[in-house]
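Engineer: With full-length UniProt numbering as the guide, the letters of the sequence shown map in order to residues 1 to 423. Every residue, glycine too, gets a C-beta built ideally from N, C-alpha and C. Note that the structure is a prediction, hence the values are computed from the model and not measured.
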Amino acid sequence: MSLNLQDFLIEDAQLEEMSNVERKKVHQKTRIIKHMFLNGDTSNAEICTKFGISLPTSMALINQLLDDGIVIKKGRGKSEGGRKPDLYGLKEHSFFVLSIHIERFKIKLALIDNNHSIVKEEILETQISTNSNIVDLLYDFSQEFFEASEVDHKKIMGVGISMPGLVSSEEGKNFTYYLTEQDPASLRDKFEERFKKPVAILNDAKSASLAEFHFGLAKEKQNVLVISMDWGVGLGIIMGGKIHSGVSGFAGEFGHIPMVEDGMLCHCGKRGCLETEASGLALVRKVKEGLKNGQTSILNSLTPEDLEKLEPDTIIEAANKGDQFAINSLSEIGISLGKGIAILIQIFNPELIVLEGKIAKAKQFITTPIQQSMNIYCMMQLKEKTNIELSNLGNNSSLYGGTIAVMDSIFKNQITMIKSHLS
1 MSLNLQDFLI
11 EDAQLEEMSN
21 VERKKVHQKT
31 RIIKHMFLNG
41 DTSNAEICTK
51 FGISLPTSMA
61 LINQLLDDGI
71 VIKKGRGKSE
81 GGRKPDLYGL
91 KEHSFFVLSI
101 HIERFKIKLA
111 LIDNNHSIVK
121 EEILETQIST
131 NSNIVDLLYD
141 FSQEFFEASE
151 VDHKKIMGVG
161 ISMPGLVSSE
171 EGKNFTYYLT
181 EQDPASLRDK
191 FEERFKKPVA
201 ILNDAKSASL
211 AEFHFGLAKE
221 KQNVLVISMD
231 WGVGLGIIMG
241 GKIHSGVSGF
251 AGEFGHIPMV
261 EDGMLCHCGK
271 RGCLETEASG
281 LALVRKVKEG
291 LKNGQTSILN
301 SLTPEDLEKL
311 EPDTIIEAAN
321 KGDQFAINSL
331 SEIGISLGKG
341 IAILIQIFNP
351 ELIVLEGKIA
361 KAKQFITTPI
371 QQSMNIYCMM
381 QLKEKTNIEL
391 SNLGNNSSLY
401 GGTIAVMDSI
411 FKNQITMIKS
421 HLS
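(1) Is there contact between the region 22 to 31 and the region 50 to 62, where contact requires at least three CB pairs shorter than 8 Å?
(2) DSSP on ILE327, reduced to helix/strand/coil?
(3) Count the other CB atoms, across all protein chains shown, that sit within 10 Å of the CB of HIS105; report buried if there are 16 or more and exposed otherwise.
(4) ILE327 to CYS48, Cα distance in whole Å?
(5) Under DSSP, the alpha helix (DSSP H) around ILE366 begins and ends at which residues?
(6) Indicate the three-state DSSP secondary structure (helix, strand or coil) for SER200 in the structure shown.
(7) Is THR403 near ILE112, with beta carbons less than 9 Å apart?
(8) Given a cut-off of 9 Å on the beta-carbon distance, is the pair GLU16 and HIS421 in contact?
(9) Does DSSP put CYS273 in a helix, in a strand, or in coil?
(10) What is the DSSP secondary structure of GLN182, reduced to helix, strand or coil?
(11) Excluding sequence positions up to five away, which residues of its chain have a Cβ less than 8 Å from the Cβ of SER409?
(12) Is there a Cβ of chain C sitting closer than 9 Å to that of LYS363, yes or no?
(13) Three-state secondary structure (DSSP) at PHE105?
(14) Thinking just about the alpha-carbon of each residue, which of ILE102, VAL224 and ILE298 is nearest to the one in THR386?
(15) Regarding LYS242 and the ligand FAD, is the C-beta to nearest heavy atom distance less than 8 Å?
(16) Rounded to the nearest angstrom, what separates ARG76 and ARG83 at their Cα positions?
(17) Can you grab the Cα-Cα spacing for the pair GLN372 / GLY338, in whole Å?
(18) With which residues is HIS244 paired in a DSSP beta bridge?
(19) Rounded to whole angstroms, what's the CA-CA distance from ASP313 to GLU384? Just pull it up for me.
(20) How many angstroms separate the CA atom of VAL226 from the CA atom of ILE353?
(21) What did DSSP end up calling SER149 once you bin it into helix, strand or coil?
(22) Please state whether the Cβ-Cβ distance between MET407 and PHE37 is less than 9 Å.
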């Protein structure tokens with residue numbers, strides 16, 4: 001027999017008919033599946049330690065999951081002086097999540113399985129405005145995507161959507177985009193009504209920090225800042241080994257800290273925000289202005305159409321070819337960003353800062369000016385204790401974060417419901 005996770009999602013009526021012993025078993029097995037989803041292959045001893053249950057009880061639960069076909073043996077782990085322990089993990093393709101990442105000029109869709117493998121990915125080149133019918137657009141695109149994937153629709157557990165803007169995951173609303181004052185409805189509720197699946201929406205920087213926390217450089221660390229450097233500038237905060245969201249879920253609006261007196265008008269309505277000086281938008285604007293004013297650069301060979309659609313990747317590519325104008329433009333961005341990072345270090349005193357996103361692809365062209373700026377603006381005693389590293393998750397951190405967000409919500413709801421029936 002081979003089950004998928006859908007078979008473990010118990011309805012309230014089913015719980016009413018179960019004995020307390022049966023409910024406890026479902027509760028424990030759900031927690032084990034969640035642990036394997038978030039942490040990968042694990043041993044019986046690790047399960048015992050994590051959940052405070054005996055070795056025989058843990059082994060019995062794992063054996064039931066093996067019989068169900070959702071867990072399989074994954075070889076052996078490292079020995080700690082004795083016999084190497086057997087490792088257990090989720091069987092591949094037991095369940096999937098549709099993860100959607102909305103960018104400025106494109107939408108990325110990916111079907112990601114329970115072992116965090118991307119089984120299908122597609123990009124839709126489009127620009128979404130505040131007037132776009134985002135729900136219908138994503139739903140229609142997703143249906144075509146599903147059909148082409150040939151994945152059993154019943155195995156798709158939910159939808160995780162990461163997007164720019166001021167997002168409240170708790171309320172399911174985006175207060176910057178896709179919402180008007182006259183529309184009090186939750187964006188998440190609208191998506192759930194169309195997809196008929198659980199949906200989680202979250203800010204793109206928060207999504208990236210979730211991925212870093214579980215799978216990236218921030219794993220098992222206590223105090224980390226994850227800075228997303230895309231078209232905007234976002235921040236994920238890990239404090240005391242936990243994601244910090246703030247009272248409204250908006251903690252980390254780093255890009256909207258005013259840095260320049262009487263500076264440029266930001267789309268948030270204030271002037272001189274960091275985002276106007278140290279983001280992908282700022283980089284593209286500065287490069288366009290420089291080219292218009294006669295700067296010498298290989299970017300002068302771009303057609304008017306290509307220049308209109310200029311992206312940070314193109315500027316970074318020019319820098320990698322030795323284009324001094326592109327290098328200098330990135331350096332300006334890095335100096336401004338470094339000043340902002342110096343402020344963060346003095347507030348949070350982190351052990352690690354992870355840089356991710358489009359601008360992070362510039363590598364030394366962005367990290368060197370950031371370090372130079374930090375040397376000027378940050379107290380040495382704090383700076384010396386903080387490492388700055390480039391993310392190793394590649395372009396898909398926000399996709400992974402969306403997957404974690406929706407599955408965490410599904411597991412949490414299941415566990416909470418079972419607990420309410422335990423006596």
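Structural biologist: A quick look at the data gives this:
(1) yes
(2) Translated into the one-based positions of the sequence shown, residue 327 becomes position 327. If DSSP states are grouped into helix, strand and coil, ILE327 belongs with the helices.
(3) Here residue 105 corresponds to residue number 105 of the sequence shown, with the count starting at 1. According to the sequence displayed, residue 105 carries Phe and not His. Exposed.
(4) Within the sequence shown, numbered from 1, the residue matching residue 327 stands at position 327. Within the sequence shown, numbered from 1, the residue matching residue 48 stands at position 48. Spanning the two alpha carbons is a distance of roughly 53 Å.
(5) Mapped onto the sequence shown, residue 366 falls at position 366. From DSSP, the alpha helix (DSSP H) with ILE366 extends over 364 to 377.
(6) For the purposes of this step, residue 200 is taken as the residue at position 200 of the sequence shown. Per the sequence shown, the amino acid found at residue 200 is Ala instead of Ser. It is a strand residue.
(7) Translated into the one-based positions of the sequence shown, residue 403 becomes position 403. Translated into the one-based positions of the sequence shown, residue 112 becomes position 112. Taking 9 Å as the Cβ cut-off, THR403 and ILE112 qualify as a contacting pair.
(8) One-based indexing of the sequence shown puts residue 16 at position 16. One-based indexing of the sequence shown puts residue 421 at position 421. Yes.
(9) Stepping through the sequence shown from its first residue, residue 273 is reached at position 273. In this structure, CYS273 counts as strand in the three-state DSSP scheme.
(10) Your numbering for residue 182 matches position 182 in the sequence shown. With a pLDDT of 45 at GLN182, under the threshold of 50, the modelled position of this residue cannot be trusted; read the value that follows with caution. Coil.
(11) Stepping through the sequence shown from its first residue, residue 409 is reached at position 409. GLY158, PRO198 and ALA200.
(12) Absence of chain C from the displayed structure is noted, only one protein chain being present.
(13) As a working note, residue 105 is residue 105 in the sequence shown. Residue state, collapsed to three classes: coil.
(14) Numbered from 1 along the sequence shown, position 386 holds the residue referred to as residue 386. The candidate whose alpha carbon is nearest that of THR386 is VAL224.
(15) In the structure shown, the ligand FAD is absent, as is every other ligand, since no ligand is present at all.
(16) Taking the sequence shown and counting its residues from 1, one reaches residue 76 at position 76. Taking the sequence shown and counting its residues from 1, one reaches residue 83 at position 83. Distance between the alpha carbons of ARG76 and ARG83 is about 9 Å.
(17) In the sequence shown, residue 372 corresponds to position 372, counting from 1. In the sequence shown, residue 338 corresponds to position 338, counting from 1. Cα to Cα, GLN372 sits roughly 8 Å from GLY338.
(18) For this step, residue 244 is matched to residue 244 along the sequence shown. Note: HIS244 sits in a beta bridge opposite ILE237.
(19) Position 313 of the sequence shown holds residue 313. Position 384 of the sequence shown holds residue 384. Cα to Cα, the separation comes out at about 31 Å.
(20) Taking the first residue of the sequence shown as 1, we reach residue 226 at position 226. Taking the first residue of the sequence shown as 1, we reach residue 353 at position 353. Taking the straight line joining both Cα atoms gives about 6 Å.
(21) Your numbering for residue 149 matches position 149 in the sequence shown. The answer is helix: DSSP assigns SER149 an H, G or I state.
(22) Residue mapping note: residue 407 aligns to position 407 of the sequence shown, counting from 1. Residue mapping note: residue 37 aligns to position 37 of the sequence shown, counting from 1. In this structure, PHE37 lies closer than 9 Å to MET407 by Cβ.
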